[in-house]
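Asker: In the working numbering, the protein residues as written are 27 to 283. Before I ask anything, here is the structure I am working with.
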Ligand SMILES: C[S@@+](CC[C@H](N)C(=O)[O-])C[C@H]1O[C@@H](n2cnc3c(N)ncnc32)[C@H](O)[C@@H]1O
């Protein structure tokens with residue numbers, strides 16, 4: 027990579043890039059993400075799946091969050107650019123020891139991505155790209171990713187599995203022991219006519235004030251996700267369907283040549 031390209035990436039590693047649209051992940055979710063949410067889905071299995079695509083590669087993560095996956099990926103990739111629109115999530119990541127081959131960009135994937143391609147591979151885990159209002163917005167976001175990929179580069183995508191989430195909608199409210207902690211986590215799940223799933227989370231731990239936050243994601247069937255991928259300029263190579271209660275299907279797609 028040229029020095030010019032490296033300079034361009036590091037210039038983007040700034041906390042105050044303008045983000046003008048709504049941001050879903052605020053301080054409440056960022057405050058508990060690493061202690062209460064990330065442990066439920068250890069990164070190791072994800073990295074095993076990503077390894078063939080990211081080893082030695084220049085890689086883009088869309089919705090990098092607190093770096094649950096980006097940090098272990100950085101150990102095997104040449105370079106990782108992590109993009110996210112949430113300042114609190116990126117601040118939590120920046121507070122860690124971030125390796126020199128990781129750059130962070132605060133930006134919204136619903137807009138063209140302010141990163142310098144081409145990347146050899148991209149990935150998006152835990153359904154980050156599902157944070158869209160409808161199928162057209164998902165297709166546009168995927169096209170923004172496609173635009174910075176080299177022809178033939180792979181996109182690995184974890185997307186919400188309808189087989190797991192539709193039964194939760196039917197239950198509406200689910201209370202579970204919080205994994206690895208005392209107390210409980212209560213999910214309140216609704217699905218509207220536009221297929222937007224709203225999942226409210228309330229974490230109650232002994233002697234502490236409750237932590238509450240809410241996520242909205244587009245819940246669509248696998249064939250519809252594949253259609254959005256194709257419309258955005260990808261060829262779908264594999265779909266690994268989640269076995270309930272696994273939360274996400276896994277798609278491997280390739281940027282059309
Ligand atoms: C469930 S977290 C996943 C974080 C990380 N990929 C992981 O696996 O732990 C979803 C992430 O997507 C980010 N996100 C949601 N909507 C976004 C958008 N429009 N643009 C950029 N990032 C977005 C959130 O801020 C959050 O950090």
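Backbone N, C-alpha and C define an ideal beta-carbon position, used for all residues, glycine too. Predicted model, so just to flag it, every value in this text is computed and none were measured.
Is there at least one non-hydrogen atom of ligand 1 closer than 7 Å to the beta-carbon of residue 90?
Answerer: On the chain shown, residue 90 is found 64 positions in, with the first residue counted as 1. Yes, the beta carbon of residue 90 sits closer than 7 Å to at least one heavy atom of ligand 1.
Asker: Below 8 Å on the Cβ atoms is my guess for residue 49 versus residue 129; work out the distance and round it to an integer in Å.
Answerer: Within the chain shown, numbered from 1, the residue matching residue 49 stands at position 23. Within the chain shown, numbered from 1, the residue matching residue 129 stands at position 103. The pair is not a contact, with the Cβ atoms about 20 Å apart (cut-off 8 Å).
Asker: How would you write the range of the alpha helix (DSSP H) that residue 113 sits in, first residue to last?
Answerer: Numbered from 1 along the chain shown, position 87 holds the residue referred to as residue 113. Residue 113 -> alpha helix (DSSP H) spans 113–120.
Asker: Hey, how far is the Cα of residue 208 from the Cα of residue 280?
Answerer: Against the chain shown, residue 208 aligns to sequence position 182. Against the chain shown, residue 280 aligns to sequence position 254. When rounded, the distance between both Cα atoms is 43 Å.
Asker: Nearest to residue 58 by CA position, among 227, 261 and 250, is which residue?
Answerer: By one-based count along the chain shown, residue 58 stands at place 32. That would be 227, whose Cα lies nearest to the Cα of residue 58.
Asker: Inspect the beta-carbon positions of residue 214 and residue 184 and report whether they are closer than 8 Å.
Answerer: On the chain shown, residue 214 is found 188 positions in, with the first residue counted as 1. On the chain shown, residue 184 is found 158 positions in, with the first residue counted as 1. Contact flag unset, no.
Asker: I need the straight-line Cα distance from residue 125 to residue 147, nearest angstrom please.
Answerer: If you number the chain shown from 1, residue 125 lands on position 99. If you number the chain shown from 1, residue 147 lands on position 121. Cα to Cα, residue 125 sits roughly 19 Å from residue 147.
Asker: Short of 7 Å in beta carbon distance, which residues of its chain neighbour residue 165, apart from the five on each side in sequence? Order them along the chain.
Answerer: In the chain shown, counting from the first residue as 1, residue 165 sits at position 139. For residue 165, where only same-chain residues beyond five positions count, the Cβ hits under 7 Å are 254, 257 and 258.
Asker: Using the beta-carbon count (16 or more within 10 Å), is residue 77 buried or exposed?
Answerer: Residue numbering aside, residue 77 sits at position 51 when the chain shown is read from its first letter. Residue 77 is exposed by the Cβ-count criterion.
Asker: Whose C-beta lies closer than 7 Å to the C-beta of residue 283 among residues of the same chain, with five residues either side of it excluded?
Answerer: Reading the chain shown from its first residue, position 257 is the one you call residue 283. Cβ within range, chain order: 177 and 178.
Asker: Taking the CB atoms as reference points, tell me whether residue 52 and residue 155 lie closer together than 8 Å.
Answerer: Numbered from 1 along the chain shown, position 26 holds the residue referred to as residue 52. Numbered from 1 along the chain shown, position 129 holds the residue referred to as residue 155. Result no, Cβ atoms of residue 52 and residue 155 do not sit closer than 8 Å.
Asker: Quick test of your reading: residue 161 and residue 246, contact by CB under 8 Å. State the CB separation rounded to the nearest angstrom.
Answerer: In the chain shown, counting from the first residue as 1, residue 161 sits at position 135. In the chain shown, counting from the first residue as 1, residue 246 sits at position 220. Going by Cβ atoms, the distance from residue 161 to residue 246 rounds to 7 Å, so yes, they are a contact pair.
Asker: State the Cα-Cα distance for the pair residue 186 and residue 242, rounded to the nearest angstrom.
Answerer: Counted from its first residue, the chain shown places residue 186 at position 160. Counted from its first residue, the chain shown places residue 242 at position 216. Those two C-alpha atoms are separated by around 11 Å.
Asker: Is the beta carbon of residue 135 closer than 8 Å to that of residue 170?
Answerer: Within the chain shown, the letter at position 144 stands for residue 170. Within the chain shown, the letter at position 109 stands for residue 135. Yes, Cβ-Cβ distance for residue 170 and residue 135 is below 8 Å.
Asker: Pick from 114, 206 and 182: whose alpha carbon is nearest that of residue 265?
Answerer: Residue numbering aside, residue 265 sits at position 239 when the chain shown is read from its first letter. Looking at the Cα atoms, 182 is the closest of the given residues.
Asker: Please go through the segment 57–98 and give each complete alpha helix (DSSP H) segment of 4 or more residues, from N-terminal end onward.
Answerer: Listed in chain order, they are 69–80.
Asker: Under a three-way DSSP split, which group does residue 108 fall into?
Answerer: Position 82 of the chain shown, counted from the start, is the residue given in the question as residue 108. Here residue 108 sits in strand by DSSP.
Asker: Do we get a CB-CB distance below 8 Å when we pair residue 130 with the residues of chain C?
Answerer: Absence of chain C from the displayed structure is noted, only one protein chain being present.
Asker: Just verifying my parser: in three-state terms, what is the DSSP assignment at residue 198?
Answerer: Walking along the chain shown from the start, residue 198 turns up at place 172. Three-state result, residue 198: coil.
Asker: So, helix, strand or coil for residue 143, using DSSP?
Answerer: Stepping through the chain shown from its first residue, residue 143 is reached at position 117. Residue state, collapsed to three classes: coil.
Asker: Residue 268: beta carbon under 7 Å from a heavy atom of ligand 1?
Answerer: Position 242 of the chain shown, counted from the start, is the residue given in the question as residue 268. Result no, Cβ not under 7 Å from ligand 1.
Asker: DSSP three-state label for residue 171, please.
Answerer: Along the chain shown, one-based indexing puts residue 171 at 145. It is helical.
Asker: Out of 198, 240 and 189, state which residue places its alpha-carbon closest to the alpha-carbon of residue 248.
Answerer: Taking the chain shown and counting its residues from 1, one reaches residue 248 at position 222. For the residues 198, 240 and 189, the minimum Cα distance to residue 248 belongs to 189.
Asker: Ligand 1 and residue 50: does the residue's C-beta get closer than 7 Å to at least one heavy atom of that ligand?
Answerer: Within the chain shown, numbered from 1, the residue matching residue 50 stands at position 24. Yes, Cβ of residue 50 sits closer than 7 Å to a heavy atom of ligand 1.
Asker: State yes or no: is the C-beta of residue 362 nearer than 7 Å to some heavy atom of ligand 1?
Answerer: Outside the displayed range of the chain (27 to 283) lies residue 362, so it cannot be described from this structure.
Asker: What separation, rounded to the nearest whole angstrom, lies between the Cα atoms of residue 197 and residue 216?
Answerer: As a first step, residue 197 must be located in the chain shown, where it is residue number 171. As a first step, residue 216 must be located in the chain shown, where it is residue number 190. Taking the straight line from one Cα to the other gives about 9 Å.
Asker: To the nearest angstrom, report how far apart residue 106 and residue 114 are at their CA atoms.
Answerer: Taking the first residue of the chain shown as position 1, residue 106 is located at position 80. Taking the first residue of the chain shown as position 1, residue 114 is located at position 88. One C-alpha to the other measures close to 20 Å.
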